[in-house]
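A.B. asks:
Protein chains: 2
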Amino acid sequence: MTDQTMTPVTDYETAAERCKAELRLWLRLLSCTNLIENAVRARLRETFDVTLPQFDLMAALEREPDGLTMGELSRRLMVSSGNVTGVTERLVAEGLVVREPSPSDRRAFLVKLTPAGRRAFLAMAMVHEGWIADFFDDLPGEDVEALMALLAKVKRAVHAKTRNGKETA
Amino acid sequence: MTDQTMTPVTDYETAAERCKAELRLWLRLLSCTNLIENAVRARLRETFDVTLPQFDLMAALEREPDGLTMGELSRRLMVSSGNVTGVTERLVAEGLVVREPSPSDRRAFLVKLTPAGRRAFLAMAMVHEGWIADFFDDLPGEDVEALMALLAKVKRAVHAKTRNGKETA
DNA sequence: CCGTGACGCTTTAAGCATAAAGGAACGGCG
DNA sequence: CGCCGTTCCTTTATGCTTAAAGCGTCACGG
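Going down the list, the protein sequences come from chains A and B.
Position 59 of the first sequence, counted from 1, bears residue number 59 in this note's numbering, the numbering being contiguous throughout.
Position 95 of the second sequence, counted from 1, bears residue number 95 in this note's numbering, the numbering being contiguous throughout.
1. Can you give me the Cβ contacts of glycine 117/B inside the same chain, cut-off strictly under 6 Å, excluding the 5 residues immediately before and after it?
2. In whole angstroms, what is the alpha-carbon distance linking glycine 141/A and arginine 119/B?
3. Have a look at Leu77/B, Pro103/B, Ala93/B and flag the residue whose alpha-carbon is nearest the alpha-carbon of asparagine 38/A.
4. In chain B, which residues lie less than 7 Å from glutamate 22/A when you measure between Cβ atoms?
5. Hey, which unbroken runs of the alpha helix (DSSP H) at 4 residues or more fall wholly within the segment 8-51 of chain A?
6. Three or more C-beta pairs under 8 Å: does that hold for the segment 32-52 of chain B against the segment 41-54 of chain A?
7. For a contact defined as C-beta to C-beta under 9 Å, what are the partners of methionine 124/A on chain B?
8. Which word fits methionine 58/B, buried or exposed, when buried means at least 16 other C-beta atoms lie within 10 angstroms of its C-beta?
9. Quick test of your reading: leucine 110/B and threonine 69/B, contact by CB under 8 Å. State the CB separation rounded to the nearest angstrom.
10. So, does the CB of leucine 150/A fall closer than 8 Å to a CB anywhere in chain B?
11. Could you list which residues in chain B have their beta carbon closer than 9 Å to that of alanine 157/A, in chain order?
12. Below 8 Å between beta carbons: does that hold for glutamate 135/A and lysine 161/B?
13. Tell me which residues share the same chain as arginine 24/A and place their Cβ nearer than 8 Å to its Cβ, disregarding the 5 neighbours each side in the sequence.
14. Between the Cα of histidine 159/A and those of Lys153/B, Asp138/B, Ala149/B, Ala146/B, spot the shortest distance and give me the residue it belongs to.
15. Figure out for me which residue from Glu89/B, Leu52/B, Cys19/B, Glu22/B has the closest Cα to the Cα of leucine 30/A.
16. What does arginine 18/A touch in chain B if you count any residue whose Cβ is under 8 Å from its own?
17. What's the C-alpha gap between leucine 35/B and lysine 155/A?
18. So with CB distances below 7 Å, who are the chain B contacts of glutamate 129/A?
19. Beta-carbon separation of lysine 20/A and glycine 67/A under 8 Å?
20. Compare the C-beta of threonine 10/B with all C-beta atoms of chain A and state if any pair is closer than 8 Å.
21. From the DSSP output, in three-state form, read off glutamate 89/A for me.
22. Output the boundary residues of the beta strand (DSSP E) element that contains arginine 99/A.
23. In angstroms, rounded to a whole number, what distance separates the CA positions of methionine 126/B and lysine 153/A?
24. What does methionine 78/A touch in chain B if you count any residue whose Cβ is under 8 Å from its own?
25. Run through chain A and tell me which residues come within less than 7 Å of leucine 147/B, C-beta to C-beta.
26. Only counting the same chain, and skipping five residues up and downstream in sequence, which positions put a Cβ closer than 6 Å to that of alanine 149/A?
27. Between threonine 162/A and chain B, is the shortest Cβ-Cβ distance under 8 Å, so that the two count as touching?
28. For the alpha helix (DSSP H) containing leucine 73/A, list its first residue and its last residue.
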C-alpha cells in the first residue's frame, strides 16, 4: 500500500491495532444482531406462537405469489437445504404453506403460502415491523442512512472474500 | 414529545417510509452478520474441527483465569443456561475445560480452561482474528470507526427498549 | 440411446437453542 | 429453628441447524 517500500508489513503496531479494532467491530456487530434477534424471536413466540425461522420462510414466500423452490428458499434464507425441509414440513402441517410439485422440474417442489398462511403472515408482519421500527426509533434518520451505506460496503466486501476463499472464479 | 400538539402521528407518509427504512436496515444487519458467522463457522469446523459455540465459550473463559459460573457464561454468550450445560459438557469431554464446584456457593460451578484448552484456544484465536481482519480489510479505517460508533448507539437503544419491554426498572 | 455429471431434495446423526419444570442450595424473615 | 422466595443449574421436550450420504431427475455429450 505504501509506495516507498515493498516490505509486506512495515508498521506492526498499527496493523495489530487495526486487527483488534476489526475484531471488536465484529463482536459488536454480532452482539447487536443477537440482541435484536433474540428479542424478536421471543416476541414472535409469545405473541403469535411462531418461530423465527418459520416467520422468515413465510416472509420469503409472501413476495413470491408463484412460490419458491426449496433450493431457492435455502439460498435466500442462508440456511442448508436440509433445514428448509424441516421448517417447511411444520408449516405444511399447520396449513400455512403448501408444497406442490414443480410443473417444469420433477425434482423440485414449489412452496407457496396458503390463503390462511398469507393472512396470518400479514398480520404478524405488521406487528413485527413495529417492533423493528421501535428498536431503531431513537436513532436519527441520518444514522440509519449511514448504517445502511456502511453495511452495504461490508456485505459486498465479505461476499467477495468468501467467494474467493472457496473458488477463484 | 412535541410540545406544540399532542397528536400521536402527524405525518403518516414519512413515518411509514422511515418504518420501511428501519426494516431494511435490520434485514441488512442480519444478512451481514449471517454471512460472516456462516463463513467463520465453516472455517472453524474445517480448520480446527470445533464448533462456533464451543469457540465462543472458550473465548469467554480465556479472559477469566479464575473461571466463570455457568450463569455468567449464559449471560455473556447471550444463550440459555440449559444450553451452556450441553456445550460445556462436550468441552469437558474433549479435555479443553474443567468444571469444578464453586468454593463460595455450593449451587454453582466454576468453569475454567485447562492448559490444553488454553493452548488450543490461543492457536485458534490467532487464525480467527486473521479471518475477521481479512473480511473488513477492504473497509477504510474511518468506516470501521464510524460503524463502531453507530453500532454502539444501536446497542444502547435496543438494550433500553428490551429492558423497558419486560420491566420498567 | 445411454452414460456421466450436476442438481434438487430428503434423510441421518450430531450439535445448538429455547422454554418450562424441577432439584438443590442460598438468604432472609418470623 | 422453620419457612419462603430467589438463584444456580440440570433435565426434558421441541425445534433449528449443519454436514454428509443417498435417491431420483435432468441435461448433455457420446
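Even for Gly, the Cβ is constructed at its ideal location relative to N, Cα and C.
In this text the structure is predicted, and so the values were computed from the model without any measurement.
C.D. replies: For this structure:
1. Leu96, Val97
2. 46 Å
3. Leu77/B
4. Ile132, Ala133, Phe136, Val144
5. 12-48
6. no
7. Those do not exist, as methionine 124/A stays about 13 Å from chain B at its closest Cβ, beyond 9 Å.
8. buried
9. 6 Å
10. yes
11. Phe135, Phe136, Asp137, Asp138, Leu139
12. In the sequence as displayed, the identity of residue 135/A is phenylalanine instead of glutamate. Result yes, Cβ atoms of phenylalanine 135/A and lysine 161/B sit closer than 8 Å.
13. none
14. Asp138/B
15. Leu52/B
16. Ala133, Gly141, Val144
17. 8 Å
18. Cys19, Leu23
19. no
20. Because threonine 10/B carries a pLDDT of 46, less than 50, the predicted location of this residue cannot be relied on, and the following value inherits that uncertainty. No, threonine 10/B does not count as interfacial toward chain A.
21. helix
22. 97-101
23. 25 Å
24. Ser31, Asn34, Leu35, Asn38
25. Leu25, Leu150
26. none
27. yes
28. 70-77
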